Amino acid sequence: MSLPAAVPMTVHARGCNELPVLRERGQREVFCGLTGIVWLHRKIQDAFFLVVGSRTCAHLLQSAAGVMIFAEPRFATAILQERDLAGLADCNEELDRIVHELLARRPEIATLFLVGSCPSEVIKLDLGKAAERLSQAHRGRVRVLNYSGSGIETTFTQGEDNCLKALVEELPTAEPTMRSLLVLGTLADVVEDQFARMFQQLGIQSVQFLPPRQAGDLPAVGQGTLILPAQPFLGETVRALIGRGARLIEAPYPLGAEGTFAWIQAAAQAFGVTDERLRLATARPMERARSALARFRDTLAGKRISFLPDSQLEIPLARFLQRECGMQPVEVGTPFFDRQLLAGELPLLPDNLRLSEGQDVDLQLDRVRSDRPDLTVCGLGLANPLEAEGLRTKWSIELVFSPIHGFDQAADLAELFARPLVRCERLAV
Ligand code: SF4
Numbered sequence: 070m071s072l073p074a075a076v077p078m079t080v081h082a083r084g085c086n087e088l089p090v091l092r093e094r095g096q097r098e099v100f101c102g103l104t105g106i107v108w109l110h111r112k113i114q115d116a117f118f119l120v121v122g123s124r125t126c127a128h129l130l131q132s133a134a135g136v137m138i139f140a141e142p143r144f145a146t147a148i149l150q151e152r153d154l155a156g157l158a159d160c161n162e163e164l165d166r167i168v169h170e171l172l173a174r175r176p177e178i179a180t181l182f183l184v185g186s187c188p189s190e191v192i193k194l195d196l197g198k199a200a201e202r203l204s205q206a207h208r209g210r211v212r213v214l215n216y217s218g219s220g221i222e223t224t225f226t227q228g229e230d231n232c233l234k235a236l237v238e239e240l241p242t243a244e245p246t247m248r249s250l251l252v253l254g255t256l257a258d259v260v261e262d263q264f265a266r267m268f269q270q271l272g273i274q275s276v277q278f279l280p281p282r283q284a285g286d287l288p289a290v291g292q293g294t295l296i297l298p299a300q301p302f303l304g305e306t307v308r309a310l311i312g313r314g315a316r317l318i319e320a321p322y323p324l325g326a327e328g329t330f331a332w333i334q335a336a337a338q339a340f341g342v343t344d345e346r347l348r349l350a351t352a353r354p355m356e357r358a359r360s361a362l363a364r365f366r367d368t369l370a371g372k373r374i375s376f377l378p379d380s381q382l383e384i385p386l387a388r389f390l391q392r393e394c395g396m397q398p399v400e401v402g403t404p405f406f407d408r409q410l411l412a413g414e415l416p417l418l419p420d421n422l423r424l425s426e427g428q429d430v431d432l433q434l435d436r437v438r439s440d441r442p443d444l445t446v447c448g449l450g451l452a453n454p455l456e457a458e459g460l461r462t463k464w465s466i467e468l469v470f471s472p473i474h475g476f477d478q479a480a481d482l483a484e485l486f487a488r489p490l491v492r493c494e495r496l497a498v
């Protein structure tokens with residue numbers, strides 16, 4: 070990646086590319102992939118997510134998304150009771166009946182996702198076959214797809230990866246000569262609009278987003294499609310798109326002023342946009358973002374931070390906090406270390422951090438206790454015990470539910486990390 074003189078960006082000689090990765094495969098403390106339904110159902114406005122699961126799955130979704138329900142929700146759980154194999158025919162009949170009733174009552178549903186979970190009764194069901202059968206039964210009325218959000222197979226953000234991968238098979242095929250930019254990953258609508266305007270200013274004509282706001286507006290994909298991931302946890306979707314002929318643009322993720330610039334720049338270079346046009350389009354929002362960020366630098370600079378593996382956003386966030394806010398990452402844990410998706414990030418990381426993949430929660434907590442960072446980013450279940458031990462924490466789930474991408478959100482992102490530190494200082498006075 071080359072960078073214009075206007076935005077000097079230090080690429081570390083060794084970077085994280087050659088750092089050893091501590092791989093752990095023990096007990097893990099993360100949400101399952103069902104959590105993704107919370108943001109996916111808000112994004113794809115004519116889709117419905119039917120979890121085939123247990124009461125636990127229903128409770129998880131209700132508590133994660135409950136505050137956002139103001140009308141008829143676009144997700145539900147079909148609860149399967151304990152059955153043996155002989156009862157599976159009944160399960161399929163029951164599922165068909167629930168889907169028929171749902172579609173009769175909700176004519177606006179254009180795409181229905183059957184989402185698998187981990188109870189043994191659900192594992193015995195073939196949801197792929199159920200989706201085919203229901204697609205046939207409702208041909209011309211609704212598209213029925215399936216994916217797994219099971220806690221056995223997925224961590225928190227992998228649910229989105231599985232959902233989008235299921236959509237890739239449905240994408241129409243683009244003419245090989247049709248060049249287009251495909252921005253990949255759920256973004257808040259306001260952020261998506263900002264990026265769409267930015268690419269328009271750069272003169273990139275055909276820009277599409279996956280997932281789309283309407284499930285019927287699926288982007289076409291082909292050899293002229295260039296994928297620009299906005300989220301680092303979509304490796305399977307990226308590889309499925311590459312399988313359809315698309316090519317991946319290597320870039321850091323659009324977190325922070327520098328990260329957003331580098332992400333836009335990578336797209337601009339892929340489409341032959343001149344440096345001058347790029348500078349004109351980005352100079353003001355970049356300057357705005359930098360001066361807004363400066364407000365949080367005093368609070369964050371010099372503070373030590375550890376990330377426990379959760380959302381797969383950990384590496385881009387550590388890069389942003391170290392380079393733009395002056396924080397010192399101690400350990401950066403990620404559920405999966407996907408070199409292909411992180412290729413644009415790794416050279417930007419310092420070479421003195423501890424990188425870990427997967428989790429053995431007791432060992433990891435021992436390291437946190439020994440490191441005693443100023444801030445630990447972790448899941449909800451680990452935050453309270455760490456706080457009780459006098460460690461400050463940040464819930465990683467907030468980073469997925471908040472608009473954090475782009476120039477105009479850079480300061481909001483820094484503030485999310487500054488808040489627990491400021492609160493701690495105030496309590497100490
Ligand atoms: S999918 Fe599994 S881990 Fe997730 S809520 Fe349901 S039972 Fe729990």
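For the sequence shown, my numbering gives the first residue as 70, with consecutive numbering after it. Idealized CB from N, CA, C, for every residue including glycine. Remember, it's a predicted structure, so these values are computed and weren't measured experimentally.
- Taking the Cβ atoms as the reference, L253 lies roughly 6 Å from L303, within the contact range of under 8 Å.
- In the structure shown, the three-state DSSP call for F405 is coil.
- For K372, the three-state secondary structure derived from DSSP is coil.
- Contact check between the segment 113–124 and the segment 283–292: three or more CB pairs, one atom from each, fall below 8 Å, which counts as touching.
- It is roughly 35 Å from the alpha-carbon of P89 to the alpha-carbon of F278.
- When V237, L240, L349, V121 are compared, the shortest CA-CA separation from C187 is found for V121.
- Residue state for A326 is assigned as helix, using DSSP reduced to three classes.
- The closest heavy atom of ligand 1 lies 7 Å or more from the beta carbon of T226.
- Listed in chain order, the beta strand (DSSP E) runs fully inside the segment 377–445 are 397–403, 423–428, counting runs of at least 3 residues.
- For S249, the secondary structure class from DSSP, reduced to helix, strand or coil, is strand.
- In the DSSP assignment, T255 falls outside any beta strand (DSSP E), carrying neither H nor E.
- The beta carbons of G228 and L103 sit about 6 Å from each other, so the pair counts as a contact at 8 Å.
- The DSSP assignment places complete beta strand (DSSP E) segments of no fewer than 3 residues inside the segment 163–187 at 180–185, in order along the chain.
- Here V99 carries a coil assignment [DSSP, helix/strand/coil].
- Assignment of L347 by DSSP, reduced to helix, strand and coil, places it in the helix class.
- Distance from the CA of F264 to the CA of G475, rounded to the nearest whole angstrom, comes to 8 Å.
- In this structure S375 is in contact with T445, their Cβ atoms being roughly 5 Å apart against a cut-off of 8 Å.
- Inter-segment contact for the segment 338–353 and the segment 452–462 is absent: fewer than three beta-carbon pairs are separated by less than 8 Å.
- Ligand 1 approaches L129 closely enough that one of its heavy atoms is under 7 Å from the residue's Cβ.
- Taking the Cα of G328 as reference, the smallest distance to any Cα among K193, A479, L349 is reached at A479.
- For L422, same chain residues with a beta-carbon under 6 Å away, outside a window of 5 residues either side, are P398, V401 in chain order.
- Distance from the CA atom of A299 to the CA atom of A147, rounded to whole angstroms, is 32 Å.
- L130 carries a helical assignment under DSSP once its states are collapsed to helix, strand and coil.
- Segment contact: the segment 363–378 against the segment 303–313, fewer than three CB-CB distances shorter than 8 Å; contact not assigned.
- The beta carbon of I466 sits closer than 6 Å to no other beta carbon from its chain once the five residues preceding and following it are set aside.
- DSSP places I311 in the uninterrupted alpha helix (DSSP H) bounded by 304–312.
- Of the candidates L194, L183, R461, E222, the residue whose Cα lies closest to the Cα of V211 is L183.
- Looking at the backbone, the Cα of L432 and that of P404 are separated by about 15 Å.
- About 15 Å separates the Cβ atoms of E93 and G448, ruling out a contact at the 8 Å cut-off.
- Just so you know, the alpha carbons of P472 and F225 end up roughly 17 Å apart.
- Beyond the five residues adjoining it in sequence on each side, V469 comes within less than 6 Å, by CB distance, of S380 in the same chain, given in chain order.
- Looking at the backbone, the Cα of A331 and that of I221 are separated by about 36 Å.
- Cβ-Cβ separation between L171 and L119: approximately 7 Å, consistent with a contact (criterion under 8 Å).
- Around E393, the same chain offers G325, A326, E327, L362 as residues with beta carbons nearer than 7 Å, after the five sequence neighbours per side are excluded.
- For A199, the enclosing alpha helix (DSSP H) covers residues 196–206.
- Nearest to L418 by C-alpha distance, out of Q391, W464, A257, L251, is Q391.
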